[in-house]
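**Student:** So that we are looking at the same thing, I have put the structure below in structure tokens.
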Amino acid sequence: MRSLGERLHLLRKLLNLRMGPGAAILPPEVSQIHMDFAMRTHNGHMGAKKFWREILPRLKYNNPAVAMIVNRHSQNEQTPTMTVYIRSAKDGIPFTTVQAASSRVGLSKAQPPASNERMVKIDMKDKQSTNILEQLIAQVGAVPLRPTPEDTTEWQSLEELRKESNASRDRMNAIKAEKQREATMLERARAAGGATEEAA
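Residue numbering for the sequence shown follows this note's numbering, starting at 63 and increasing by one per position.
Put into structure tokens, the structure is as follows:
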């Protein structure tokens, strides 16, 4: 059974996915988001990496049916690019998306669009992650989600519990440190007493 601290940590992670930058609903026409950037952040790749780490998980959580592929590589001279695939209903053909694997060695490059798709490209170079998100929302018409009153209340409760937990931990650490200090002083006193007896 998980401890209270572990459960609170998992609940915090869940709430963090449901709230904040990237918590948005993509239009049903969006079939795939592809990100291409370098693993190292110089030459303008910092914002793309931060978007991948902090914002993309929220997008995926709120849009589980949309394929999200990340192609990382070591070529910092290349421009970090986001490619959004937008499909259109055509002759009653149902929408189908094959989820390809991401890659950290440049093996998952953006593919040409299908016959019923078009691509929107976003240049991520030298952009902050929030600017990339704003551009994505504007270009595809995503709808940002506002926290529900229940989510806000739950988050505030978690913050109170976190503060109480931190205060309790600090008290326990102080008690432990005091006991350790007393034990050290006692050992020194004993050592000093033993030395006096030997001298006598």
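For each residue, glycine too, the CB sits at the ideal point set by N, CA and C.
What you are looking at is a predicted structure, and each value in this text was computed from that prediction instead of being measured.
Let me confirm a value: Glu212 is counted as buried when at least 16 other C-beta atoms fall within 10 Å, else exposed. Which label applies?
**Tutor:** On the sequence shown, position 150 is the one that residue 212 refers to. Its Cβ having fewer than 16 others within 10 Å, Glu212 is exposed.
**Student:** For Val92, count neighbouring C-beta atoms within 10 Å of its own C-beta (all shown protein chains included) and say buried if the count is 16 or more, exposed if not.
**Tutor:** As a position in the sequence shown, residue 92 is number 30, starting the count at 1. When all chains shown are included, Val92 counts as buried.
**Student:** For Ser191, is the classification buried or exposed, using 16 other Cβ atoms within 10 angstroms of its Cβ as the cut-off for buried?
**Tutor:** Position 129 of the sequence shown holds residue 191. The residue is buried, with at least 16 neighbouring Cβ atoms inside 10 Å.
**Student:** Does the segment 110-118 come close enough to the segment 160-171 to have 3 or more Cβ pairs within less than 8 Å?
**Tutor:** With a cut-off of 8 Å, the segment 160-171 and the segment 110-118 do not count as touching, because too few Cβ pairs lie within range.
**Student:** Give me the DSSP bridge partner(s) of Gln94.
**Tutor:** The residue you call residue 94 lines up with position 32 of the sequence shown. In DSSP, Gln94 forms a bridge with Ala129 and Tyr147.
**Student:** Between which two residues does the beta strand (DSSP E) carrying Val182 extend?
**Tutor:** Numbered from 1 along the sequence shown, position 120 holds the residue referred to as residue 182. Run containing Val182: Glu179 to Asp185, per the beta strand (DSSP E) assignment.
**Student:** Apart from the five residues just before and just after Glu196, which ones in its own chain have a Cβ nearer than 7 Å to its Cβ?
**Tutor:** Counted from its first residue, the sequence shown places residue 196 at position 134. Excluding residues within five positions, none has a Cβ falling inside 7 Å.
**Student:** Please report how far the alpha carbon of Asn105 lies from the alpha carbon of Met130, in whole angstroms.
**Tutor:** Counted from its first residue, the sequence shown places residue 105 at position 43. Counted from its first residue, the sequence shown places residue 130 at position 68. So the two alpha carbons sit approximately 24 Å from each other.
**Student:** Nearest-angstrom Cα distance between Ser219 and Arg233?
**Tutor:** As a working mapping, residue 219 is identified with position 157 in the sequence shown. As a working mapping, residue 233 is identified with position 171 in the sequence shown. About 21 Å.
**Student:** According to DSSP, simplified to helix, strand and coil, what is Arg208?
**Tutor:** Sequence index remark: in the sequence shown, residue 208 carries index 146 (1-based). Coil.
**Student:** Using 10 angstroms around the beta-carbon of Glu179, count the other beta-carbons present and answer buried if the total reaches 16, otherwise exposed.
**Tutor:** Translated into the one-based positions of the sequence shown, residue 179 becomes position 117. Buried: at least 16 other Cβ atoms inside 10 Å.
**Student:** Output yes or no for whether 8 Å exceeds the beta carbon distance between Val205 and Ile95.
**Tutor:** Taking the first residue of the sequence shown as 1, we reach residue 205 at position 143. Taking the first residue of the sequence shown as 1, we reach residue 95 at position 33. Cβ distance not < 8 Å, so Val205 and Ile95 don't count as in contact.
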